[in-house]
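Report on the following structure.
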Amino acid sequence: MLGLMQDRPLLISSLIEFAAQYHGAVEIVSRSVEGPIHRYTYADANRRSKQLAQALGSLGIGLGDRVATLAWNGYRHLECYYGVSGIGAVLHTINPRLFPEQIVYIANHAEDRVLFTELTFVPLLEGIAGQLESVEAIVIMTDREHMPETSLPNVQCYEELLAAQDGSLDWPGFDENTASSLCYTSGTTGNPKGVLYSHRSTVLHSLASCSQDVLGLSSQDSVLPVVPMFHANSWGIAYSAPMCGAKLVLPGMGMDGASIYELLETEKVTLSAGVPTVWLMLLQYLQQTGKELPHMTRTVIGGSAAPASMIETFEHDYDVVVIHAWGMTEMSPLGTTGNLKANMAAWDYSDQLAVKSKQGRAVYGVDMKITDDDGNELPRDGVAFGHLMVRGPWITNGYFKGEGGEVLDDGDWFDTGDVATLDPEGFMQITDRSKDVIKSGGEWISSIELENIAVGHPDVAEAAVIGVVHPKWDERPLLIIVRNEGSNVEGPEILDFMKGKIATWWMPDDVTFVDEIPHTATGKIQKLVLREQFAGYKLPTA
Ligand code: ADP
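Quick note on this note's numbering: the sequence shown kicks off at 1169 and runs consecutively.
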């Protein structure tokens, strides 16, 4: 017997429509590329998204057509989120930090028909426009006054496109499983692969992320996603903020400590989200200036492991609760968040910190398990570590155009490529990427754990650990350090600091210093590049 409830489709347009109706006066504040701070409301955003939808119609864009953006976090980009997906076209958010040849590859692979770009990226596009095979029009997201002189073909002015429309459109209805947006994973090896979200997966993911134990986002919040809208939909905040009527603060291209601080302060931001590198810059700024964070109550840190020292600084020095989150582009992206459980409230801070340093526990909707190389499930004892497998309604079931082939096993499980433990309380801890784990004498050493401990040393700005060939043990860990400015700390001091915090056979065989550690377009350490760089490295133990 089937239930007798309405089968209304879950559509992305309903989020902005709801925000306009019930939180119409709530502000969206953006640092614009042109310079000034721009303010308007959810009611304005809905109206202008509809104008954009009409304009897309006039350019011949409809259901299933791909429309790309090369843009920062800002109000016009938000209008693309709703204007494009709202008519059943597919919003393809391109990461501008990719190499130009990768941008060409993914724009052609996606068959993008229209490309929206920020003024910042006009020179980049001029260099590659000749190679873009499917792009019929390039829309520069600015007004007539700021339109640049450019060699780009078929250029349109965003504000002029909108001005020609009256915004009288009613958002159309269609199947909730319709594709809504497309985001390519940066792919540390091989070509980037497209993750194709649906309206249904996006709305379900937003519902989950607003819930108290996940991001706890609500109409009481002023939220600033530092995480870019081209990186897994700013972890869904571009959707979840309108869903709950939170004030939305969009930082544009100003990711440095001073610029972020200014918005946190003036817009009374209560919740923010970003990768550890961004928070490192903010904390350095706060320490240099002696400024505080009086409005912020919590911050989401994810994308890479949040070091315990960073969590403690936020919580102790600035009274900001850290929500450590884990996910991936393939998961929309949220998989786990690290809010403490009720029974942990009375624990000593050091025990709480140990739990918070883990990547968190499953969000309802995400099934997780860990397995050995043969696919056998491993115990949830916090000790055994294995391949982290996930499944759920906002997790991919295959890449765009079938790239990478079949990605699910018989039980619909998706292999995240992460290696992790699961503890009896349900908290997951990443011990490595499966390709970065150091295999020493048949046993696994977690490079991430070594890095986390090393960055706890006061003279260490950043740390990376890679496996280097060893005649006896196959591989042994090499610790690569970026010193804090002005420090001349040496290897033995860092190793001394690590002693006792890990098993002796996990201790790095050597420490080396570099000026900079290479990062991917999404801010992760590029282990592959480091492995190439240190390919012939001779360990003193070898
Ligand atoms: P890419 O950077 O390749 O585009 P994603 O941004 O989707 O891909 O990255 C997903 C990966 O990032 C995860 O599989 C995991 O390895 C890593 N990651 C994400 N959050 C965390 C975290 N809190 N701690 C450690 N690693 C994380």
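Virtual Cβ for every residue (Gly too), placed ideally from N, Cα, C.
Would you call the CB atoms of residue i and residue j closer than 8 Å?
i	j	result
Leu1287	Ala1275	no
Asp1642	Pro1592	no
Leu1740	Tyr1429	Any answer about residue 1740 is impossible in this case: the structure gives the chain only from 1169 up to 1710.
Val1679	Val1650	no
Val1558	Val1382	no
Arg1241	Ser1402	In the sequence under discussion, the amino acid at residue 1241 is Asn, which differs from the Arg named in the question. For Asn1241 and Ser1402, yes; Cβs fall inside 8 Å.
Val1394	Val1323	no
Glu1202	Thr1318	no
Met1464	Leu1432	yes
Gly1404	Ser1472	no
Gly1635	Lys1607	yes
Leu1350	Phe1568	yes
Lys1361	Gly1572	yes
His1492	Gly1528	yes
Ala1278	Ala1305	no
Val1587	Leu1546	no
Leu1646	Asp1604	no
Leu1231	Cys1248	no
Trp1715	Gly1470	Limits of the chain in this structure are 1169 at one end and 1710 at the other, which puts residue 1715 out of reach.
Leu1178	His1367	yes
Leu1520	Leu1502	The question names Leu, yet the displayed sequence has Gln at residue 1520. Result no, Cβ atoms of Gln1520 and Leu1502 do not sit closer than 8 Å.
Met1421	Pro1444	no
Val1417	Ser1390	yes
Ala1187	Tyr1210	yes
Pro1475	Asn1656	no
Asp1535	Gly1554	no
Ala1347	Leu1320	no
Gly1335	Lys1524	no
Lys1526	Met1596	yes
Pro1419	Leu1392	yes
Can you tell me whether residue i is buried or exposed? The criterion is at least 16 other CB atoms within 10 Å of its CB, across all chains shown.
i	result
Gln1189	exposed
Gln1333	buried
Phe1482	buried
Ala1400	buried
Thr1709	exposed
Gln1456	exposed
Ala1297	buried
Asp1600	buried
Asp1222	The sequence given here has Gln at residue 1222, not Asp. Buried is the call here.
Asn1345	exposed
Ser1408	buried
What is the C-beta distance between residue i and residue j, in whole angstroms, given that I count them as a contact (C-beta under 8 Å)?
i	j	result
Ser1160	Ala1414	What the structure shows of the chain is the stretch from 1169 to 1710, and residue 1160 is not part of that stretch, so it cannot be assessed.
Ile1662	His1625	5 Å
Val1490	Thr1505	About 11 Å separates the two Cβ atoms, so there is no contact after all.
Val1194	Ile1205	Wrong, their Cβ atoms sit about 16 Å apart, outside the cutoff.
Gly1254	Ser1181	4 Å
Cys1378	Leu1372	That pair is no contact at about 11 Å.
Thr1261	Phe1398	4 Å
Arg1234	Asp1280	5 Å
Phe1289	Pro1264	5 Å
Tyr1250	Ile1184	4 Å
Leu1246	Thr1285	That pair is no contact at about 16 Å.
Kindly examine ligand 2 and report whether one of its heavy atoms sits closer than 7 Å to the Cβ of residue i.
i	result
Pro1501	You won't find ligand 2 in this model; what it holds is ligand 1.
Measure the alpha-carbon distance for residue i versus residue j and round it to whole angstroms.
i	j	result
Leu1329	Arg1312	10 Å
Arg1644	Phe1665	19 Å
Ala1257	Ile1229	7 Å
His1687	Pro1639	29 Å
Ala1689	Leu1337	37 Å
Thr1497	His1484	31 Å
Thr1370	Met1512	32 Å
Glu1617	Arg1216	47 Å
Trp1515	Ser1614	27 Å
Gly1358	Leu1698	17 Å
Ala1632	Gly1566	31 Å
Glu1611	Ala1552	12 Å
Val1272	Leu1292	11 Å
Gly1594	Ile1685	33 Å
Glu1630	Lys1459	23 Å
Ala1376	Leu1590	21 Å
Leu1448	Leu1454	10 Å
Gly1192	Asp1578	46 Å
Counting only beta-carbon separations shorter than 8 Å, does residue i have a partner in chain D?
i	result
Thr1505	Here chain D cannot be found, since the structure has a single protein chain.
Inset, instruction - At 3 residues or longer, and completely inside the stretch 1580-1641: list those beta strand (DSSP E) runs for me, N to C. - result: Taking only runs of at least 3 residues, the beta strand (DSSP E) segments lying wholly in the stretch 1580-1641 are 1582-1590, 1595-1601, 1606-1608, 1611-1613 and 1628-1638.
Legend entry - Secondary structure, beta strand (DSSP E): runs of 3+ residues fully inside the stretch 1285-1361: DSSP assignment within the stretch 1285-1361 yields the following whole beta strand (DSSP E) runs of 3 residues or more, N-terminal first: 1305-1308, 1323-1325 and 1347-1353.
Legend entry - alpha helix (DSSP H) runs contained entirely in the stretch 1453-1525, provided each spans 4 or more residues: Considered as a whole, the stretch 1453-1525 harbours 1476-1480 and 1517-1524 as its complete alpha helix (DSSP H) runs of no fewer than 4 residues, in chain order.
Inset, instruction - Any chance you could list the alpha helix (DSSP H) runs of at least 4 consecutive residues sitting entirely within the stretch 1172-1213, in chain order? - result: The stretch 1172-1213 contains these whole alpha helix (DSSP H) runs: 1181-1190.
Inset, instruction - With a floor of 3 residues, list each beta strand (DSSP E) that falls wholly inside the stretch 1657-1707, ordered by position along the chain. - result: Secondary structure in the stretch 1657-1707: the beta strand (DSSP E) runs of 3 residues or longer, each lying completely within the stretch, are 1678-1681 in chain order.
Legend entry - Any alpha helix (DSSP H) of 4 or more consecutive residues that is wholly inside the stretch 1393-1453: Listed in chain order, the complete alpha helix (DSSP H) runs (minimum 4 residues) inside the stretch 1393-1453 are 1400-1403, 1405-1412 and 1425-1434.
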